[in-house]
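Quick note: the sequence shown, position 86, residue 86 per the UniProt record's numbering, numbers continuous.
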Amino acid sequence: MLHLDSVDDASIAVYDLAGDASLPPLLISHATGFHAHCYLPVARALGERYHVWALDHRGHGHSTVPAEWSVDWKPFGVDTRLVAEHIAPDGGLVGVGHSMGGATLLMAAHADPGRFDHLVLFEPISFPGTDYDPDPDEELPIAQGARRRRRRFPSRQAAIDNYASKPPLALMQPEVLADYVEHGFRDAVDEHGEPVVELRCAPEFEAAVFMTGGANGVWDLLPEIETPCTIVSGVVSETEPSRVSEPLAERLPNARYVRFDDQTHFGPFSHPGEFAALV
């Protein structure tokens, strides 16, 4: 793991996950509330063809940002571009993104069009301005769920047992769930002095990321992004980002759209091999 300093005094954790340094570089950009190591099965599947890197976005995993930072998606894109420059100084980079991670790669490709050869994005977060404009005084259901997320467990195994018993994390392959818990929690002590594990991505931070996602500005950038893109979705649902995946692909100058009707927004976690095969 290495750390790169970014804007707002953020420190971005970057990981060399798989593949030899002689292979073409590839960067994985994760979804809100998760982290780089959730994509280890994807990385291993790609490691024979690519030198696979991944980052933890600010406020996630081992990346940090000052507590007073007001959540705004544009710096997530700046962070992603910074990492891309570091791992692929000569360009030729492939970007693989999921949800928020897809949006940050689109921001980076718009700002630095020569850096990327191709983007493969699963349900990237980008909405027309009139399609996703939440009332700031009324929290979105997905943000409410994030804010209520249990912060601590007695152990990592207790967290795994809890998550495996109910959706949506029960959709994850067991290996992915184990990686999520192993790297997504830190050791801590509760108010009684008992050892516990605690989420690295604070529930209130995750909720703020969800609340601000609709204002990320990516939709307006799409016609100007010339990088070849593969836009992927699970089954189309009016309550999921999949509902705009095909229109998003049509708005990009050089994109194709692929749909998996047996998958949800968690497709890269439930079917990592199928996702990796698209790259």
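We put the CB at the ideal spot given by N, CA and C, even for glycine. Note that the structure is a prediction, hence the values are computed from the model and not measured.
Here ASN254 is exposed: its Cβ has fewer than 16 other Cβ atoms, across all protein chains shown, within 10 Å.
Contact between HIS37 and ASP179 holds, since their C-beta atoms are separated by about 5 Å, short of 8 Å.
The beta carbon of TRP53 sits closer than 8 Å to the beta carbons of VAL14, TYR15, ASP16, LEU17, PRO25, LEU26, LEU27, ILE28, VAL83, ILE87 from its chain, once the five residues preceding and following it are set aside; these are given in chain order.
With contacts defined by Cβ atoms closer than 8 Å, VAL94 and VAL279 form a contacting pair. Note that the region 103-119 does not touch the region 166-179; fewer than 3 beta-carbon pairs, one per stretch, sit closer than 8 Å. With fewer than 16 other beta carbons inside 10 angstroms of its own, ASP220 counts as exposed. Residue pairing for GLY97: DSSP places it in a beta bridge opposite SER29, LEU121. With distances taken between CA atoms, GLY213 lies nearest to GLY101 out of LEU46, ASP161, GLU226, GLY101.
Distances from the CA of ASP8 to each of ALA45, SER126, ASP79 were compared; the closest alpha carbon is that of ASP79.
Judged by DSSP in its simplified three-state form, SER242 adopts helix.
Annotation: SER11 is outside any alpha helix (DSSP H); the continuous beta strand (DSSP E) that includes it extends over 11-18.
Here CYS229 carries a strand assignment [DSSP, helix/strand/coil].
Out of ARG148, ASN216, PRO124, the CA that lies nearest to the CA of SER242 is found in PRO124.
The beta-carbon separation of GLY129 and THR104, rounded to 19 Å, does not stay under the 8 Å limit for a contact. Inter-residue distance for SER126 and ASN216 is about 7 Å (C-alpha atoms, whole angstroms). In this structure, VAL42 lies near PRO272, with their beta-carbon atoms less than 8 Å apart. By the Cβ test, the region 143-151 is not in contact with the region 232-248, since fewer than three Cβ pairs between them sit closer than 8 Å. Excluding five sequence positions before and after LEU177, the CB atoms of its chain that fall closer than 7 Å to its own CB belong to ILE160, TYR163, ALA164, LEU169, given in chain order. Taking 8 Å as the cut-off, the beta carbon of ARG256 is found closer than this to the beta carbon of THR230.
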